[in-house]
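The numbering of the sequence shown is the numbering used here, which starts it at 1309 and goes up by one.
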Amino acid sequence: MNNKFTVIESTDEDKLQEMDRINKIAKLNEIWERYFFGMVMRYTEEYGTLYKLPQDKLAKVGLAGIKYICSCRDVSRENARLGIDESKTLKQNQYRFQLIDSIFGVLGCLTLRNFVTTFPIDKTYDGAKWEEKDYFYTMDVLSKMDWDKPIGRDELSELLWDYENADLRHAYIEFTTAASAILRAQTGKGIAETWCDNMGIPTFTEDKETGIMKNNRTGDIMKPIKASHIQIVK
């Protein structure tokens, strides 16, 4: 059986490439952070509020903000992979939620035409085959909207559900994750658990060491079923 596997040892060159990859992620985060907050401060001093910016400057701020949030996500994911990621505090999640909400507020001031130009729709065309959203699905949604008026903050939240763009999707996940963490800190339950409770759907908590699952509503215990590789031959 040993001849089916090849053990590949990491070389010094591999380690250097890995360190270079990690450093690029951290550096990119620093670049977007400096660019985004520098732009926000400069435009706030000039216009008093970001919501009064002309469309071209709104697009720049919105794009930089989304890129910054995505770069923060990349850093967190890399830290988790390395085992050095710390759980965010309530204050940190509240800040993250408010920051992304303010960025979405800027995006809501964009006309749909400028929004699509700033965040091009992902070029995936086989959604019908796999019964999932794609370029054509998004364009069908957009065809029912006015392309030359500001989207609006509330309408933006609805649009993001149907808009196929990887950066916007990742930013919206960060937004809802922060919201869920805040709700959990306040009530003991996140968004998904709260929704399941309201719908009467049971949720379970698993003990990672034993594999035992507990019904959060009834307290019933479900023991893991161990697979048996022994068959009774009659």
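The C-beta atom is built at its ideal place from N, Cα and C for all residues, glycine as well. Bear in mind the structure is a predicted one, so any value in this text is a computation, not a measurement.
Just to confirm the assignment, what range does the alpha helix (DSSP H) spanning Asn-1548 have? Nothing can be reported for residue 1548, as the shown portion of the chain is limited to 1309 through 1542.
Let's see if you can read the secondary structure: which residues bound the beta strand (DSSP E) around Glu-1514? 1512-1514
Tell me the DSSP secondary structure of Met-1447 in three-state form. helix
One question on the structure: do Tyr-1433 and Tyr-1443 come within less than 8 Å of each other, judged by their Cβ atoms? yes
Specify the secondary structure class of Met-1327 as computed by DSSP and reduced to three states. helix
Kindly list the residues whose CB is nearer than 7 Å to the CB of Thr-1314, restricted to its own chain and excluding five residues on each side of it in sequence; keep chain order. Because Thr-1314 carries a pLDDT of 49, less than 50, the predicted location of this residue cannot be relied on, and no value is offered for it.
Quick check on Thr-1426: does DSSP put it in helix, strand or coil? helix
May I ask you to report which of helix, strand or coil DSSP gives Ile-1529? strand
Could you tell me the distance, in whole angstroms, from the CA atom of Lys-1531 to the CA atom of Thr-1518? 9 Å
Residue(s) in a DSSP beta bridge with Pro-1458: Thr-1419
Between which two residues does the alpha helix (DSSP H) containing Gly-1435 stretch? 1435-1438
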